[in-house]
């Protein structure tokens, strides 16, 4: 029974490095010590609902939503093709899709710079074709592209790992019973792959929503997402109160959307798919 | 015909995934600083890479911190899992929920929260704070990888060993730990990769005088294109590719089933959320 003590160091660690920091976020959100004394305040929460910041929050949500949808639309067919048994050399293909995920995500984001720039390769190619130059960088397009590029494998893999587990007999039975390909897809494959879709969406939407690196690098700092505002509060302006309030807000936003996403699938499977 | 379209589609996805990386690699050998114009082969950027003091010190810091963090996390996490299973259901659920907080929380929130903690405790931002932060986000992954293995182990062997006169710690080392080994190794490797790859949490918990590789890349990349980053990426890409091929070859050898792609994907899924 002495084994219970083994976990004590971890509990202490947990309290100091997980619980206390969260309490600090709450503390800084609701207090103000600018006047020398610590006072309770709701100003930091109110500041979030300033139209300027509401716009940023809305932009973050809708850009990560678009990125997630694009990942799903691009990734689902890819996962389906890869899960097909007669697709040749599929394990090589799978490794090739996994490989970029192991690259540092900063480098992956950075890699788009030389393609998107005004004198970048894409624009050179357009020029070579005699087409007008396109403004590819420093706009919403670049940021969404960066998100899709970074998170696409995280959509393909969970969907793939669910699709390969689908019993071929079920699909065949549905076909024998007269279902055409579309019906089989809609009534059999799609419902059975929901857990994969859910963990795919979670793994794309959450990091996209809280990113500050992708927007910072690919928009040259011109487009701010929630993450950028938080980063500024802590590294530039030093307004920890507002930074904490935004962090709290982001945390709540993430947990609410996670509950919302998981409601659409088998809870246990969705949660298990996460890890 | 159908197969042709399938291949075309996968080819398109692979092109999308690899075009930027290939361009990155090709231009790391470009002799001029120009980002998009090829002006001849050279290794200038690699030479400069190995004379750049910030990159060199980052190449030291990154694996060292990762090693220290993953060893400490593995020890704390494994013992945590051993102790946690003895808890009553309700307290177990509480501990498990708290364990998931750093896993599910956005990195930026974990980062700023730890930054405030270090300021609050008066710990200077540097190696120590970075190490503490890395241990904090790695340990939960160890706990999560070891726990399921613990449910599969046979506790009676441990009790039998003690009945036969083994001291508790010796019995543990000889009976339980070997059964947990796969989980412990997964946890360790996950911690190491997460630590090497981390940018966001390190960014907030490390002062400007200490930098890991990601931080160096960020501080260079925010100023625009820098061929030295291309050179670093090329080297890293090579390392990752070689490692992945080795792991994969070993897996194929280990079991001749086709389960290998699944395993990779499971590891990846574990690593990333």
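Residue numbers (my numbering), protein chains in the order written: chain A, 612 to 886; chain B, 11 to 283.
Glycine residues also receive a C-beta, built at the ideal position from the N, C-alpha and C atoms.
Because the structure is a prediction, the values reported are computed rather than measured.
Taking the alpha-carbon positions, what's the residue i to residue j distance?
i                      : j                      : result
residue 747 of chain A : residue 728 of chain A : 7 Å
residue 138 of chain B : residue 71 of chain B  : 12 Å
residue 832 of chain A : residue 749 of chain A : 8 Å
residue 731 of chain A : residue 52 of chain B  : 20 Å
residue 167 of chain B : residue 190 of chain B : 13 Å
residue 659 of chain A : residue 628 of chain A : 27 Å
residue 269 of chain B : residue 25 of chain B  : Note that residue 269 of chain B scores 45 on pLDDT, short of 50, meaning its location in the model is unreliable and no value can be drawn from it.
residue 735 of chain A : residue 724 of chain A : 14 Å
residue 65 of chain B  : residue 126 of chain B : 27 Å
residue 89 of chain B  : residue 780 of chain A : 44 Å
residue 722 of chain A : residue 226 of chain B : 15 Å
residue 788 of chain A : residue 782 of chain A : 10 Å
residue 180 of chain B : residue 142 of chain B : 30 Å
residue 87 of chain B  : residue 97 of chain B  : 15 Å
residue 811 of chain A : residue 818 of chain A : 11 Å
residue 68 of chain B  : residue 120 of chain B : 22 Å
residue 772 of chain A : residue 807 of chain A : 7 Å
residue 185 of chain B : residue 73 of chain B  : 32 Å
residue 17 of chain B  : residue 27 of chain B  : 15 Å
residue 745 of chain A : residue 78 of chain B  : 48 Å
Kindly list, in the order they appear in chain B, the residues whose Cβ is closer than 8 Å to that of residue i.
i                      : result
residue 688 of chain A : 19
residue 887 of chain A : The first residue shown for chain A is 612 and the last is 886, placing residue 887 of chain A beyond what the model contains.
residue 629 of chain A : 108, 111, 112, 146
What residues match up with residue i in a beta bridge as DSSP calls it?
i                      : result
residue 651 of chain A : A:642
residue 10 of chain B  : Here chain B has residues from 11 to 283 only, and residue 10 of chain B is not among them.
Kindly list, in the order they appear in chain B, the residues whose Cβ is closer than 9 Å to that of residue i.
i                      : result
residue 865 of chain A : 114, 115, 116, 119
residue 795 of chain A : Ordered by position in chain B, no residue passes the 9 Å Cβ test against residue 795 of chain A, which lies about 15 Å from the chain.
So, using beta-carbon positions, are residue i and residue j closer together than 8 Å?
i                      : j                      : result
residue 686 of chain A : residue 763 of chain A : yes
residue 639 of chain A : residue 855 of chain A : yes
residue 33 of chain B  : residue 726 of chain A : yes
residue 194 of chain B : residue 156 of chain B : yes
residue 689 of chain A : residue 19 of chain B  : yes
residue 241 of chain B : residue 59 of chain B  : yes
residue 199 of chain B : residue 714 of chain A : no
residue 702 of chain A : residue 820 of chain A : no
residue 840 of chain A : residue 754 of chain A : no
residue 618 of chain A : residue 197 of chain B : no
residue 704 of chain A : residue 717 of chain A : no
residue 117 of chain B : residue 239 of chain B : no
residue 182 of chain B : residue 147 of chain B : no
residue 636 of chain A : residue 859 of chain A : yes
residue 668 of chain A : residue 825 of chain A : no
residue 76 of chain B  : residue 213 of chain B : no
residue 679 of chain A : residue 848 of chain A : no
So residue i contacts chain B; which residues on that side make the cut at Cβ distance below 7 Å?
i                      : result
residue 873 of chain A : Per Cβ cutoff of 7 Å: no residues; residue 873 of chain A is ~12 Å from chain B at best.
residue 614 of chain A : 92, 93, 96
residue 635 of chain A : 123, 126, 127, 130
So which residues of chain A does residue i contact, with C-beta pairs closer than 9 Å?
i                      : result
residue 102 of chain B : The contacting residues do not exist; residue 102 of chain B stays about 10 Å from chain A at best.
Can you name the residues of chain A whose CB is closer than 8 Å to the CB of residue i?
i                     : result
residue 89 of chain B : 617, 618, 620, 621
By the criterion of Cβ-Cβ separation under 7 Å, what are the contact partners of residue i in chain A?
i                      : result
residue 167 of chain B : Those do not exist, as residue 167 of chain B stays about 14 Å from chain A at its closest Cβ, beyond 7 Å.
residue 232 of chain B : 827, 828
Report the three-state DSSP secondary structure of residue i (helix, strand or coil).
i                      : result
residue 135 of chain B : coil
residue 94 of chain B  : helix
residue 221 of chain B : coil
residue 216 of chain B : coil
residue 236 of chain B : coil
residue 828 of chain A : helix
residue 184 of chain B : helix
residue 660 of chain A : coil
residue 803 of chain A : helix
residue 836 of chain A : coil
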